[in-house]
Amino acid sequence: MTIAELAEDRVVEGVYAVRTKRKLRTRNGASYLALELVDPTGRIEARVWKDVELLDGRFGEGDAVRVLGRVEKFRDRLQLDVRSLETADVDPQSLTPAIRRDPDELAGFLDFLVAELSHPGLAATVTAVLADRDLTTYPATADEHHSYAGGLLEHTVGVATLCRETSQLHPRLRPDLLLSAALLHDVGRTAELSRGPTFSVTEEGRLLGHVHLGLRLIEERAQGLTGGQLAELLHCVATHHDARGARTAEAAVLYHANQLDAIAATRRTEAP
């Protein structure tokens, strides 16, 4: 049974990937395992209350497991009460939530957007930064918007497309600066996050964050830019989560395009 099919009070048997695993204690001091399980259709919190010590050593984060349990509701959210669990001979990558759009088509859009850059230095810098960054295997975030394999590619194309269209509507904007910043704004995610199925935060990501990691990568690979041009590109990337810190129109537009793409991908389309 897939995660999307789960409903309260249903008995469940299915194969899922373990995204996170924590060993915790109840108020009474009893051990239990808190899990987050994923499959291509979604994710669900799970709890192991019995045989904790026995089961704890049998699996870890990133493993595929076969689970038997019952779905309950806790604090208005579905939660799986695990009755039995064993490792499954399944490639965990096949259980990773994945992009629904065609990755090859999105990669083609990305190439088209890069080719739109007319400024030699910005074009060379973007090409150099993205050269060995496989956006199709990373999420845009670990557990917020576009949190699936290929989500980073989809989000990057979405934000860059919004910025490209905005620069055509408002000719006063510097289109190459804005488009370059959009294409690179989340490149630090490739160092902050691991690949699926866990999409866990790396130690470097935990300490530095994707914005800092992205800025460092851009500085390392910048080509053909003056100090001022590089500073403006870095400023846009540095403030794409900070509306009040944006000092240029391009930085402000990037902030709002990033927010818009995230909201459009996650908010309900109907009133509850």
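Mind the numbering: the sequence shown is residues 244 to 515 in our numbering, read in order. The C-beta atom is built at its ideal place from N, Cα and C for all residues, glycine as well.
If I follow the unbroken beta strand (DSSP E) through residue i, where does it start and stop?
{"i": "ASP282", "result": "274-282"}
{"i": "ASP324", "result": "320-330"}
{"i": "VAL308", "result": "307-317"}
{"i": "GLY431", "result": "Run containing GLY431: none; DSSP gives neither H nor E here."}
Quick check on residue i: does DSSP put it in helix, strand or coil?
{"i": "LEU422", "result": "helix"}
{"i": "PHE442", "result": "coil"}
{"i": "ASP347", "result": "helix"}
{"i": "ILE342", "result": "coil"}
{"i": "LEU436", "result": "strand"}
{"i": "LEU473", "result": "helix"}
{"i": "TYR259", "result": "strand"}
{"i": "ARG290", "result": "strand"}
{"i": "VAL254", "result": "strand"}
{"i": "LEU416", "result": "coil"}
{"i": "GLY285", "result": "strand"}
{"i": "ALA247", "result": "helix"}
{"i": "ARG459", "result": "helix"}
{"i": "ARG265", "result": "strand"}
{"i": "ALA392", "result": "strand"}
{"i": "TYR498", "result": "helix"}
{"i": "ARG270", "result": "coil"}
{"i": "LEU378", "result": "helix"}
{"i": "THR512", "result": "coil"}
{"i": "GLU299", "result": "The question names Glu, yet the displayed sequence has Asp at residue 299. Residue state, collapsed to three classes: helix."}
{"i": "ALA383", "result": "coil"}
{"i": "GLN466", "result": "coil"}
{"i": "VAL333", "result": "coil"}
{"i": "ALA486", "result": "helix"}
{"i": "THR404", "result": "helix"}
{"i": "LEU356", "result": "helix"}
Where does residue i land, buried or exposed, given buried means 16+ other C-beta within 10 angstroms?
{"i": "THR441", "result": "buried"}
{"i": "ASP334", "result": "exposed"}
{"i": "THR368", "result": "buried"}
{"i": "GLY300", "result": "exposed"}
{"i": "SER327", "result": "exposed"}
{"i": "ARG320", "result": "exposed"}
{"i": "HIS483", "result": "buried"}
{"i": "LYS214", "result": "One cannot answer for residue 214 here, as it falls past the ends of the chain, which runs 244 to 515."}
{"i": "ASP390", "result": "Here residue 390 is Ser; the residue named in the question, Asp, does not match the sequence. Buried."}
{"i": "THR512", "result": "exposed"}
Give a yes or no on whether the C-beta atoms belonging to residue i and residue j are separated by under 8 angstroms.
{"i": "LEU395", "j": "LEU378", "result": "yes"}
{"i": "ALA371", "j": "ARG464", "result": "yes"}
{"i": "ALA434", "j": "THR339", "result": "no"}
{"i": "VAL325", "j": "ALA289", "result": "yes"}
{"i": "ALA424", "j": "LEU458", "result": "no"}
{"i": "HIS388", "j": "ALA505", "result": "yes"}
{"i": "ALA492", "j": "LEU422", "result": "no"}
{"i": "ARG253", "j": "VAL314", "result": "yes"}
{"i": "GLY431", "j": "LEU460", "result": "yes"}
{"i": "CYS479", "j": "LEU426", "result": "no"}
{"i": "ALA385", "j": "LEU436", "result": "yes"}
Taking the alpha-carbon positions, what's the residue i to residue j distance?
{"i": "ALA500", "j": "VAL444", "result": "25 angstroms"}
{"i": "GLY331", "j": "VAL258", "result": "The sequence as given places Ala at residue 331; Gly does not occur at that position. Taking the straight line from one Cα to the other gives about 7 angstroms."}
{"i": "GLU397", "j": "ASN271", "result": "46 angstroms"}
{"i": "GLY393", "j": "THR380", "result": "5 angstroms"}
{"i": "ALA358", "j": "ASP282", "result": "36 angstroms"}
{"i": "LEU249", "j": "VAL310", "result": "13 angstroms"}
{"i": "GLU304", "j": "GLN472", "result": "43 angstroms"}
{"i": "VAL291", "j": "LEU456", "result": "36 angstroms"}
{"i": "PRO363", "j": "ALA307", "result": "47 angstroms"}
{"i": "CYS406", "j": "TYR498", "result": "10 angstroms"}
{"i": "LYS293", "j": "TYR275", "result": "7 angstroms"}
{"i": "ARG438", "j": "GLY470", "result": "34 angstroms"}
Taking only heavy atoms of the ligand GDP into account, decide whether any of them is closer than 7 angstroms to the Cβ of residue i.
{"i": "HIS455", "result": "With respect to the ligand GDP, the structure offers nothing, as it holds no ligand at all."}
Counting along the chain, where does the alpha helix (DSSP H) carrying residue i start and finish?
{"i": "ALA367", "result": "363-373"}
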